[in-house]
Amino acid sequence: MADVIDTDVLVIGGGAGGTSAVLAADDRGAKVTMAVKGLVGKSGCSIFASTIPFGTPTQHWLVDDMSAEERDRHRLIFMVRYYNHYLADQAYCKRLEAYLRDEFFGDLERLGAYWRRNEQGKIHPTGSRRTPNVIAHKQGATGPAILDKRRREIFRRGIPVYEECAATSLLTDGERVVGATVLDYRRGRFFVIAAKSVILATGHSDYLASRSTGTREQSADGVAMALRAGVELANLEIQWWHVSDVGWPKSWMRFHLYPNPLIGTSETSRLYNSEGEMFFEQKTHSPGVSAPYTEQIRRLSREVVAGKARWDGGYWSGYDHIPREITSTGQHQAKVWTKLGLDIGKDRIECGITWHMRQGGINADTKRMETNLPGLYVAGAIGCHFLGGIGAVSYDGKVSGHAAADDATTRKATRPAEDAIAAEERRVFGFLRAGDGVRPIEAKRRIRAIMWELGYIKNERKLEAALDALDEVRRDVVPRLALQSTTRNWNTGWMDAIDVCAMLDACEVTVRSGLNRKESRGPFYREDYPYVDNEHWMCRNIISRANGEWRARVEPIPALHLAPDKQREPFFEADY
Amino acid sequence: MSPSSKPTTESDIVRVRLYRFDPSVDAAPRYESYEVPCVPRMRVMDVLDYIHEELAVDFGYRWLCGTRKCGTCAINVNGSPKLACWDEAEAEMTIEPLPNMEVIRDLVTSRDGFEASLAKLSPMLVRKEEYAGFPEPLTSTQFAPMEHLRDCLQCLACQSVCPVIAQGGSAFAGPALLVALSELAQDPRDGADRAHIAADVAHVFDCVSCYECERACPAEIPIVGEAIEPLKRIAYRAGEGEGAEHAKAFLDVVKTRGYLNPTVLALKTRGVNADTLRMAMRMIPRGKVDLGQAFLERKPSGAEGIAKTYGSAEELP
Amino acid sequence: MKRVYAYFPGCSAKGTCRELDVSTHAVAALFDIELQELENPGCTGAREFRAISEQLHLTANGRILALAERAGRDLVAVCDTCLLNLVETNGRLKSDAAARERVNAALAQEGLAYRGIIDVKHFLWVLTDDLGEERLRERVARPLRGLRVAPFYGCHIQRPSSVRAAAPGNGNDAPALDRLCRALGAEIVQYEGASKCCGFHVVNVQEKIALRMSGSHLTNAKGNGAQCIVTPCPLCHTVFDAYQPSIERELKSRYDVPVLHVSQLVGLALGLAPERLGLSRHVVGCEAVLAHIDREGAPESAHAM
Chain A
34 MADVIDTDVL VIGGGAGGTS AVLAADDRGA KVTMAVKGLV GKSGCSIFAS
84 TIPFGTPTQH WLVDDMSAEE RDRHRLIFMV RYYNHYLADQ AYCKRLEAYL
134 RDEFFGDLER LGAYWRRNEQ GKIHPTGSRR TPNVIAHKQG ATGPAILDKR
184 RREIFRRGIP VYEECAATSL LTDGERVVGA TVLDYRRGRF FVIAAKSVIL
234 ATGHSDYLAS RSTGTREQSA DGVAMALRAG VELANLEIQW WHVSDVGWPK
284 SWMRFHLYPN PLIGTSETSR LYNSEGEMFF EQKTHSPGVS APYTEQIRRL
334 SREVVAGKAR WDGGYWSGYD HIPREITSTG QHQAKVWTKL GLDIGKDRIE
384 CGITWHMRQG GINADTKRME TNLPGLYVAG AIGCHFLGGI GAVSYDGKVS
434 GHAAADDATT RKATRPAEDA IAAEERRVFG FLRAGDGVRP IEAKRRIRAI
484 MWELGYIKNE RKLEAALDAL DEVRRDVVPR LALQSTTRNW NTGWMDAIDV
534 CAMLDACEVT VRSGLNRKES RGPFYREDYP YVDNEHWMCR NIISRANGEW
584 RARVEPIPAL HLAPDKQREP FFEADY
Chain B
34 MSPSSKPTTE SDIVRVRLYR FDPSVDAAPR YESYEVPCVP RMRVMDVLDY
84 IHEELAVDFG YRWLCGTRKC GTCAINVNGS PKLACWDEAE AEMTIEPLPN
134 MEVIRDLVTS RDGFEASLAK LSPMLVRKEE YAGFPEPLTS TQFAPMEHLR
184 DCLQCLACQS VCPVIAQGGS AFAGPALLVA LSELAQDPRD GADRAHIAAD
234 VAHVFDCVSC YECERACPAE IPIVGEAIEP LKRIAYRAGE GEGAEHAKAF
284 LDVVKTRGYL NPTVLALKTR GVNADTLRMA MRMIPRGKVD LGQAFLERKP
334 SGAEGIAKTY GSAEELP
Chain C
4 MKRVYAYFPG CSAKGTCREL DVSTHAVAAL FDIELQELEN PGCTGAREFR
54 AISEQLHLTA NGRILALAER AGRDLVAVCD TCLLNLVETN GRLKSDAAAR
104 ERVNAALAQE GLAYRGIIDV KHFLWVLTDD LGEERLRERV ARPLRGLRVA
154 PFYGCHIQRP SSVRAAAPGN GNDAPALDRL CRALGAEIVQ YEGASKCCGF
204 HVVNVQEKIA LRMSGSHLTN AKGNGAQCIV TPCPLCHTVF DAYQPSIERE
254 LKSRYDVPVL HVSQLVGLAL GLAPERLGLS RHVVGCEAVL AHIDREGAPE
304 SAHAM
């Protein structure tokens, strides 16, 4: 029988959302335990944060010539329209605003974060006037600086953290969540964490397509575990793509050549097609939007269709129109050029698109971050209420951490049922078999190829074809998975096999959700429904599965503070 | 980082000798050979990914971000530490785990030792005064000395090449730990007794100043000059540690004599005991130690000027 | 052609390793090199001044540089650690106006000023590059044919990058010490540890660390057939030579590996008598090396002294 560890609040995930939730729950006096598939503050996409957008404390900016009202309005526009395409919970946006203004920066500074100042002590912003960004340490390296402070604080408090331990399933008692099964893959040890409250903070940047910013361990486990437990998910099809990511070498597909303004200037990089024609520059085509990815990919798609670019190459990003002195100082990506032996003042880098962050996720009530499964909460980008970002997910962590801790005091500890634990143990160890057959990494590659093939330009036929292809992997390949070794020590193949199942579940539900949304919006483009339809689809497109049956419903999103200009417009004309 | 051998642009094939060792089943490490088609500007990680993904070899390797932010993919290539995601592949590579660390499997090493050592250094800001709210009064000038230290990825490449750690028997914390400690010690908000921690917990004066850590650092941090020496200075000001006493003795001899007389210094620092007597017996007859010069020398005429000039400088940071 | 340099022997070459100063002058004389020793230069501070204050480190080294500038000559050092201290300070003061001002404020008390007009070199580089390998080869009177030499460079002539940049070829050439050995006809022994650390800078406070580090290099060098070690740094020399019996005790091994300064190896190959090179001052006797040269290297020219 697997060991069982008891706790009040279990947090699954070690990024900005998870670390925030852990500290918040601990602040409330709960006994907290953390399980992280990678390493706290090193895995997931939180460390990719270059800057923190929509920083609020304007009186401390270097230069500010905007009134507070005007700035608030710009922020709201950015959050609701450009960052979330009107799919964000607008009441949540207002609460988030207050958190960013009053708590976020101070909470981190208290822990020792250094928000970059100038010599006079003023906060040194980057970004546009409308949505200034703040940096801790350097542009391109804010994430690691922040996450490391949280990591150290968690350890200082003596909170038990299980790293390189992947949660494999949620355990329920039929009514609420009672814990999770976990595999420590360093040594192949399977155990259980029994908890009164469970917070999923597994992020949104999953390695599900051939080119993906998702880090090694991100196989959408949170989505899969939630789906299997009957939890509702929403808007999974709203999947962002990066456009200006390094094309090759392949390992550098995660290197993002930021389209945003460089520190201290309004200058931005440019994208050129295979004929050298510039087709995107943020300054011109998407001013004031510090995440112009939807516009980038819309414009790229035109080039691809015209044969002047491909999805995995044939177009370039460059800073050669900007003086070297500006591009070489204080930011991370100048080193990309140097390391490749290129001159940032002269050379352009070939790019490819990469499957990036997912706006949708688990459906939760944002007042307490609780899902339709009692005892299960979300923190961060795993939710569907907001795209993500370190500031927002930290807010979620605080809300969910407090709620989960408070609720835990009212709950009795329930031991998870032994048969459920045993069933999951059999499932997990079932993959630990050697022999001829299909290596799990090949199955992973096949799944990623399916999602890559589905790509950006979608239609019903392609979505259905993707479903069929995924189903074939599930029926034909999974039963034949076999490993090279049955060692329990860091068995990469074994982990791949478990990940394959999570990926299949997550990809299937994502494609199904996409079939249900009959419009285009943000990064989601269906050529069979090439218009934004706010009348019908400004909503949470909700999907779930119970007893093998798929269920779908929609929940309209009220335009509490900001409404779209048009009820319906052609996708390529909408500027969000 | 250390220079590479033949660049991949001159080769169609990358030849790899890959270290394999599973402590739970293997008696000893072995090496497996692989050939990987070369792609221009290939990183070491591309080679490893090819072996795992295309050749379906289930070996253990750790990486997370792939973009030089997490520091988890550091390994040894041809005897030197490299960040697999950042450094270019070479045409012939022997790929091994970082040395001087426990191997979990193949290229994956344990970070537990590092974490345990880090915990001993109070690796969190210990505020002198209670936090008064955002933004606290700070300037970029105050943080300029730690600018490079904040680039640290904790990849542990420096730890793996430190000869003091490698030879064992020392409580020296090592360069990565000292970078973390130095960032806090120089933080104007910090009020912990960093001098004591530096000298007596981290044993900063055990650093031999070989600069191997700097050579290995993928973030190009000037570890010795910007992390370690500031810590020594902090310990010196507080009079913490034998190393601080030794430095003071060194300076005193120079100010008195106008130059460093090694005999006088050795006596001041080590005193007269069996070891120093043994050394003296060895060196005096051959003239390596000149007792006359050590004890009977008149103060040279230039010593006063030196003492004055050094004296005005030593009080400054 | 007469070459003139300002010369900073450093505290080791004037004390524990006086034979280094003696042999340096002897070799310089052979090549019509004049080494003008600086008067009352003080100390570069080893690694100690840096541990006290950055300003002290810059001022002490700036002072030595200012003295060389007053003589109007490039500065030659014979110790790796002196070299690094001087090279780094020279680079820093040339580029950092504020630091230069602070140093000059201190130096003004003695009527000195740093202006940033000279370069710093190791005497080894003077031989291999100012003079050149060809010139060295020409003057070899007693080739070291077959003498198996293990070069030990010393950390501070190799690292960090600032000292590499000051080296001939900006550090991209083969190590100067290797080129020197070859020019003299020695056989270079490859061994692990050649470019590693001897541990000198902790020998007074953590002797065992230094003994173990150097012990492993001795073991490797000897194991690969080295008859002697040659090093451009008297601090490394001190650990390997003066501390060799201590190393033997610590590692329970016997070595009997003599350790030569660069100028001594050059002097022997050029036909200078051992007495003129101070070999008898070493703790580890050099008889075996001398016997090898006597046996294998016949005098080839009338330049023998």
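Chains as they are written, first to last, in our numbering: chain A, 34 to 609; chain B, 34 to 350; chain C, 4 to 308.
Virtual Cβ for every residue (Gly too), placed ideally from N, Cα, C.
Contact between the stretch 250 to 264 of chain C and the stretch 172 to 184 of chain C is absent, with fewer than three C-beta pairs closer than 8 Å. Across the set Asp239(A), Val264(A), Gln123(A), the C-alpha of Asp239(A) shows the shortest separation from the C-alpha of Trp274(A).
Note that the C-beta distance between Ser56(C) and Leu349(B) is below 8 Å.
With a 10 Å radius around the Cβ and a threshold of 16 neighbouring Cβ atoms, Ile339(B) comes out buried. Gly207(B) has a beta carbon lying at 8 Å or more from every beta carbon in chain C. Listed in chain order, the positions of the stretch 218 to 232 of chain B with a beta carbon within less than 7 Å of a beta carbon of chain C would be empty, since no residue qualifies.
Beta-bridge partners assigned by DSSP to Asn574(A): Val587(A). For His85(B), a Cβ of chain A is located within less than 8 Å of the residue's own Cβ. The Cβ atoms of Ala539(A) and Leu241(A) lie closer than 8 Å to each other.
For the 8 Å CB-CB criterion, Arg143(A) and Ser173(B) do not form a contact. Under the DSSP assignment, Glu451(A) falls in the alpha helix (DSSP H) whose first and last residues are 451 to 463.
Within 8 Å of the CB of Phe92(B), the CB atoms of chain A belong to Thr525, in sequence order along the chain. Chain-ordered, the chain C residues with CB closer than 8 Å to the CB of Glu262(B) read Arg53, Ala54, Glu57.
For the C-beta of Trp148(A), the chain B residues within less than 9 Å are, from N- to C-terminus, Phe167, Pro168, Leu171.
With the rule of 3 Cβ pairs closer than 8 Å, the stretch 534 to 551 of chain A does not count as touching the stretch 311 to 322 of chain A.
Along the stretch 146 to 163 of chain B, going in chain order, the ones with a CB nearer than 7 Å to a CB of chain A are Ala152, Pro156, Met157, Leu158. The straight-line gap separating the alpha-carbon atoms of Leu23(C) and Arg227(B) is approximately 41 Å. Bridge pairing for Lys491(A): Arg559(A) [DSSP]. 8 Å or more divides the Cβ of Ala58(A) from the Cβ of Gly424(A).
Under the DSSP definition of a beta bridge, Asp566(A) partners with Arg601(A). Following the DSSP letters along the chain, one finds Gln39(C) inside the beta strand (DSSP E) bounded by residues 36 to 40. By the beta-carbon neighbour count (other beta carbons within 10 angstroms, threshold 16), Asn524(A) is buried. Three or more beta-carbon pairs separated by less than 8 Å are not found between the stretch 93 to 103 of chain C and the stretch 315 to 324 of chain B, which leaves the two stretches without contact. By the beta-carbon neighbour count (other beta carbons within 10 angstroms, threshold 16), Trp583(A) is exposed. Interface residue (Cβ-Cβ distance to chain C less than 8 Å): Asn133(B) is not classified as such.
Secondary structure in the stretch 254 to 321 of chain A: the alpha helix (DSSP H) runs of 4 residues or longer, each lying completely within the stretch, are 254 to 261, 315 to 318 in chain order. In terms of Cβ geometry, Leu150(C) and Gln247(C) do not form a close pair [threshold 8 Å]. Interface flag for Lys379(A) against chain B is unset, since no Cβ pair is found closer than 8 Å. For Ala71(C), the enclosing alpha helix (DSSP H) stretches over residues 57 to 74.
Counting only runs of 4 or more residues that sit fully inside the stretch 197 to 266 of chain C, the alpha helix (DSSP H) segments are 210 to 226, 237 to 240, 247 to 254, in chain order.
Interface with chain B (8 Å Cβ-Cβ cutoff): Phe223(A) is excluded. Under the 8 Å criterion on CB atoms, Ala197(C) is classed as non-interfacial with respect to chain B. Within chain B, the residues Pro196, Val197, Gln200, Gly202, Ser203, Phe205, Asp239, Val241 have their CB atoms less than 9 Å from the CB of Ile212(C), given in chain order. In this structure Arg298(C) is exposed. Its beta-carbon is surrounded by fewer than 16 other beta-carbon atoms within 10 angstroms. Between the alpha carbons of Ala213(B) and Ser266(C) lies a gap of roughly 43 Å. With contact defined as three or more Cβ pairs closer than 8 Å, the stretch 352 to 359 of chain A and the stretch 378 to 389 of chain A are in contact.
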